[in-house]
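Chains as they are written, first to last, in the working numbering: chain A, 811 to 1157; chain B, 811 to 1157.
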């Protein structure tokens, strides 16, 4: 580690996203002077390797954030609510990967390719959007900028790792059970805390997070509200249906959009995607080239393909958007935010 | 078997759908005097049990249809094109489960709950629609009738059994490979005949059938064109994105619709679904009750849930529609057509 650089803390260091955060900090060679790894009492004592050195994970307390410059949080909403104010009080900037503060007016909700400048408004806490929101807005922002955007309808194909390690274990255990002709005993998905659970192996569950009174799930409302906030379009029409699938990692999205401008071609959108930051165009259907979640795993980009004009709406287009939900959807975007803070001189 | 009743033939008797056709004929106690089971030379000689008797599968020839009243076809489009005219010439009515004749003006495309009366126009061949189309129109027809229908946008979550037994075997083999840490060697999906194949286990493939010049797949265009034909709405706005998933059986669909009438409530659509033929309403999200493909397997009905009004469009609604693609999507609908032919005195 450098003697210059920043004191960085990761809260939730032993979780699926936390581990990716640590790996991403290492891969991106983020300027770190000191790395503090924090978790609940239960996981404290674990040892994590970072740039060849072993770091012991400590139980998080308010004082853990003493001297920390940047704290990456990914340990659940209630933990964020408890510790973020404590960290900010001690001078840290918190990049929070939970939904705890995302819709707070005072908290910038940032995807660096889309609204990096919003970071200037931060008051200590910056929110990392929901995984399924991030990959969608990375693709939609260039379209909004160039052609205007009027409507977004998305159906998601989401991987279990978004629900944590227990969900991954459950997927593989159930898959094994079914292949062996045994019964399955669902305990985690769709929502760990709820009373009823459904089989995820070789199945599709149209529920991610709990239901709201309007019939949408919290996950769906996150996609709807966060998209409007990040794109600075409070009256954008957005609807979402979120579905959990037997895939370990990699979220896919079937997205229908309507642009404002007339005369836009499929080719125009393809060329735009090709040149957009953080986007990789994979759109050669005649060669069976389109984004696949299994191919996106371990990559930081958002993959876009199957772009085609609607057959009825001249301003309507369909897209298939895929990304690694643990990286661009979570850990990578958080580290990118930290990088932007450094670049903008905000830390 | 009865001495009264009909001489029924099943072409493609050893395939995934053919076997379900035979099982459905038995379960529904269809009035059969004689059952002729036909296949390619390769599968001829197989023995199939029907109502406690063993029937030997024969190689199909034009003369196999001599004396047959109703022939259920499910052996691929080219086989249908070859044998359907021969069967009709010999006096049989063909219920064809392939896409060979579906869009022919002379051929009724029938889902009995929706457009049974179209059977009166038949000239020997009746087409069974695509699996993903059938389950959608069963749910949409009552809505069209009651409230009018203006627009349909669907993203599908389709099971591998729609691509036949090889695809099922491939899903389970790849799943086993991945659980054992071994490599996979895709050979079947997304389209058996094409050069390139993609992993289906723990993945999502946004291609079903080959691509057309407009960027849509044939499967997507089937959903679009067949829906218009079955609902007798040539100018209905329909778009589809079809995705293959690691699920053995049970297609799911995330469907957005716009009705014509104002003032329709979510509750109105729910009550309508509850009373519609062939539909089971499963819509108690607060109790985590919604359609799941794993629960639909082996059942003849179409399951509808997650019904909710769009947050921006007063006439817009979202639905989640699930059915067994081998039953209502294929075998059961074909046998239902045969039953309708009997009921209407058309055979």
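Glycine is no exception: its CB is placed at the ideal position from the N, C-alpha and C atoms.
So what does DSSP say about residue 1054(B), is it helix, strand or coil?
-> strand
CB-CB under 8 Å to residue 811(A), same chain, minus the five flanking residues each way: which ones, in chain order?
-> Bear in mind that the predicted position of residue 811(A) carries a pLDDT of just 45, short of 50, making it unreliable; the figure below should be weighed with that in mind. Around residue 811(A): 842, 843, 844, 845, 861 and 863.
Proximity below 8 Å, CB of residue 1001(B) to CB of residue 1020(B) | yes
Among 1125(A), 1132(A) and 1065(A), which has the Cα closest to the Cα of residue 1102(A)?
-> 1132(A)
Please confirm if residue 829(A) has its CB atom under 8 Å from at least one CB of chain B.
-> no
Which residues in chain A sit within 9 Å of residue 989(B), going by Cβ to Cβ distance?
-> The contacting residues are 982, 985, 986 and 989.
Quick one: does residue 949(B) have its CB under 8 Å from some CB of chain A?
-> no
Could you work out which residue in 1155(B), 1145(B), 1157(B) and 1156(B) is closest to residue 840(B) when comparing CA atoms only?
-> 1145(B)
Compile a chain-ordered list of the residues in the segment 1085-1113 of chain B whose CB is closer than 8 Å to at least one CB of chain A.
-> Residues of the segment 1085-1113 of chain B that bring their beta carbon within less than 8 Å of a beta carbon in chain A comprise 1095, 1096, 1097, 1098, 1100, 1101, 1102, 1103 and 1104, in sequence order.
Bridge partners - residue 919(A), DSSP secondary structure assignment | 937(A)
Three CB pairs or more closer than 8 Å across the segment 968-978 of chain A and the segment 820-837 of chain B | no
Express the C-alpha separation of residue 819(B) and residue 1077(A) in angstroms, rounding to a whole number.
-> Cα atoms of residue 1077(A) and residue 819(B): separation of roughly 49 Å, rounded to the nearest angstrom.
Note down, in chain order, all residues in the segment 908-934 of chain A with a beta-carbon under 7 Å from any beta-carbon belonging to chain B.
-> Against chain B - using a Cβ distance shorter than 7 Å - the segment 908-934 of chain A contributes no residues.
If you compare alpha carbons, which of 1027(B), 1123(B) and 959(B) is closest to residue 1094(A)?
-> 1027(B)
Delimiting residues of the alpha helix (DSSP H) encompassing residue 1084(A) | 1076-1084
Where do the ends of the alpha helix (DSSP H) carrying residue 1010(B) lie?
-> First-last for residue 1010(B): undefined, no H or E at that position.
May I ask you to report which of helix, strand or coil DSSP gives residue 898(B)?
-> Here residue 898(B) carries a helix assignment [DSSP, helix/strand/coil].
Step through the CB atoms of chain B and report whether any lies within less than 8 Å of the CB of residue 812(A).
-> Note that residue 812(A) has pLDDT 49, beneath the 50 cutoff, so the model's placement of it is unreliable and the number below is only indicative. No, because no Cβ of chain B sits closer than 8 Å to the Cβ of residue 812(A).
Residue range of the beta strand (DSSP E) that residue 848(A) falls in?
-> 842-849
Quick one: grab the DSSP three-state call for residue 975(A).
-> helix
Residue-chain proximity (residue 1051(B), chain A), Cβ-Cβ < 8 Å = yes
3-residue-minimum beta strand (DSSP E) runs that sit fully inside the segment 1108-1138 of chain A, ordered along the chain = 1112-1119 and 1126-1133
Could you give the residue range of the beta strand (DSSP E) that holds residue 836(A)?
-> First-last for residue 836(A): 826-837, but that is the alpha helix (DSSP H), not the beta strand (DSSP E).
Starting from the Cα of residue 865(B), find the closest Cα among 849(B), 938(B) and 894(B) and give me that residue.
-> 849(B)
The segment 880-895 of chain B contacting the segment 903-920 of chain B, beta-carbon criterion three pairs below 8 Å = yes
Cutoff 8 Å: residue 1009(B) Cβ touching any chain A Cβ | Under the Cβ distance rule, residue 1009(B) counts among the residues neighbouring chain A, one pair being separated by less than 8 Å.
Mind checking if residue 1024(A) is an interface residue toward chain B, Cβ cutoff 8 Å exclusive?
-> yes
With DSSP as the reference, please indicate the residues paired to residue 1062(A) in a beta bridge.
-> 967(A) and 1132(A)
Determine, using beta carbons only, whether residue 1075(A) comes closer than 8 Å to chain B.
-> no
Under the DSSP definition of a beta bridge, which residues are partnered with residue 817(B)?
-> When beta bridges are read from the DSSP output, residue 817(B) appears opposite 844(B).
Indicate the three-state DSSP secondary structure (helix, strand or coil) for residue 993(B) in the structure shown.
-> coil
Does the Cβ of residue 945(A) have 16 or more other Cβ atoms within 10 Å, making it buried, or fewer, making it exposed?
-> buried
Closer than 9 Å at the beta carbon, the chain A residues around residue 1017(B) = Chain A residues near residue 1017(B): 1095, 1098, 1100 and 1116.
Taking the alpha-carbon positions, what's the residue 935(A) to residue 828(A) distance?
-> 18 Å
Under a Cβ-count criterion, where at least 16 other Cβ atoms within 10 Å of its own Cβ denotes burial, should residue 1006(A) be classed as buried or exposed?
-> Exposed, by the Cβ-count rule.
Ignore the nearest five residues each way along the sequence and tell me which others in residue 924(A)'s own chain have a CB closer than 6 Å to its CB.
-> 947, 951 and 1040
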